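First the structure, in the form of structure tokens, and then the observations on it.
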Amino acid sequence: MKPPTEEPPLTDEERAIYAWQMRIPGLGEPGQQKLKGASVLISRCGGLGGAVAYELAAAGVGRLVIAHAGNVKPSDLNRQLLMTHDQIGRSRIESIDRRLRELNPRLEIVPVAENVSSANADRLVAQADIVVDAAPLFEERFALNDAAVRQHKPMVECAVYEMDVHVTTILPGRTPCLRCIVPEMPVDWKRQFPILGAVSGVAGCIGAVEVVKLLTGIGKPLAGVRLVMNLDTMQVRQLKLMRDPGCPACGSPAS
1 MKPPTEEPPL TDEERAIYAW QMRIPGLGEP GQQKLKGASV LISRCGGLGG AVAYELAAAG
61 VGRLVIAHAG NVKPSDLNRQ LLMTHDQIGR SRIESIDRRL RELNPRLEIV PVAENVSSAN
121 ADRLVAQADI VVDAAPLFEE RFALNDAAVR QHKPMVECAV YEMDVHVTTI LPGRTPCLRC
181 IVPEMPVDWK RQFPILGAVS GVAGCIGAVE VVKLLTGIGK PLAGVRLVMN LDTMQVRQLK
241 LMRDPGCPAC GSPAS
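Going by the UniProt record's numbering, 205 is the number at position 205 of the sequence shown; the sequence numbering is gapless.
Below is the structure:
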């Protein structure tokens, strides 16, 4: 993040748009300036990442780097609220770009029509202050995690399955990283899994709040803690996470 002296000033229009959220204790105009000056990378902008992107655009984050490949399919439409029926068969990233600009025309968007991989993760992470992981595949999640750890960039890790929500915030060098939490690639994980769109929306909104807290300094992030919500039973838990000293991504190097 940029030093306070380098944060861009707000326009009168922005003061009017963000007036309600600037009333939050500790946020105010200085916090809004931090949001305006920030850059956030979102890996996959579907049902989960799309909710993150939409809320961050609404909150006034100045720049979003969005990595999402492929074209819109009918099966996207139950949860991917940045996709529309008239865009079926067309580029997802173009639909994302258009919908976010309709909400916030001041937003700078860096559209990347690629999914995160070990080949591009470092390049993408280097463009952001904070990373949001909303990818469906663990290959993408591990590549993003490793790049964020190498570059000491905070990462908000969001996941959903059926009616379950999982969110944690990874602060490299201070908290467990994703490889500490999930030491090995789950062999039975599939690209398609059961999910209700509203569950993705809940996780995405929580993830967006985590990003805002990290950028502005308000509140207490889910650092070293995994928030687990079962929306079937409405049970909410916070699980303490432990770093793995032998972690291949964030563990101490052998002497």
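For glycine and all other residues, C-beta sits at the position ideal for the given N, C-alpha and C.
Source: prediction; values computed, not measured.
Query: By alpha-carbon positions, which one of 147, 135 and 15 ends up nearest to residue 129?; Result: 147
Query: Taking all protein chains shown into account, decide if residue 18 is buried (16 or more other Cβ within 10 angstroms of its Cβ) or exposed.; Result: buried
Query: Take residue 54 as the anchor and find which of 236, 237 and 201 has the nearest alpha-carbon.; Result: 201
Query: To the nearest angstrom, how far is the alpha carbon of residue 80 from that of residue 28?; Result: 32 Å
Query: Under the three-state reduction of DSSP, which class applies to residue 234: helix, strand or coil?; Result: coil
Query: Could you tell me how far apart the beta carbons of residue 64 and residue 56 are, in whole angstroms, since I believe they sit closer than 8 Å?; Result: 6 Å
Query: Do you know how far the Cα of residue 120 is from the Cα of residue 111?; Result: 14 Å
Query: In whole angstroms, give me the CA-to-CA distance for residue 102 and residue 172.; Result: 35 Å
Query: Taking the CB atoms as reference points, tell me whether residue 16 and residue 145 lie closer together than 8 Å.; Result: no
Query: Does the distance from the CB of residue 154 to the CB of residue 169 come in under 8 Å?; Result: yes
Query: Which residues mark the beginning and the end of the beta strand (DSSP E) in which residue 157 is found?; Result: 155-161
Query: Could you give the DSSP three-state label for residue 38: helix, strand or coil?; Result: coil
Query: Spell out a yes or no on whether the region 75-92 and the region 31-39 are touching, meaning 3 or more CB-CB pairs, one atom from each, closer than 8 Å.; Result: no
Query: For residue 93, which residues from the same chain have a beta carbon less than 6 Å from its beta carbon, with the 5 sequence-adjacent residues on both sides left out?; Result: 68, 111 and 113
Query: Which of the three DSSP states, helix, strand or coil, is assigned to residue 281?; Result: Outside the modelled stretch of the chain, which goes from 1 to 255, sits residue 281, for which no answer is possible.
Query: Using beta-carbon positions only, say whether residue 52 and residue 134 come within less than 8 Å of one another.; Result: yes
Query: Alpha carbons only, please: which of 7, 20, 126 and 139 is nearest the one belonging to residue 187?; Result: 139
Query: Per DSSP, residue 226 is paired with what?; Result: 239
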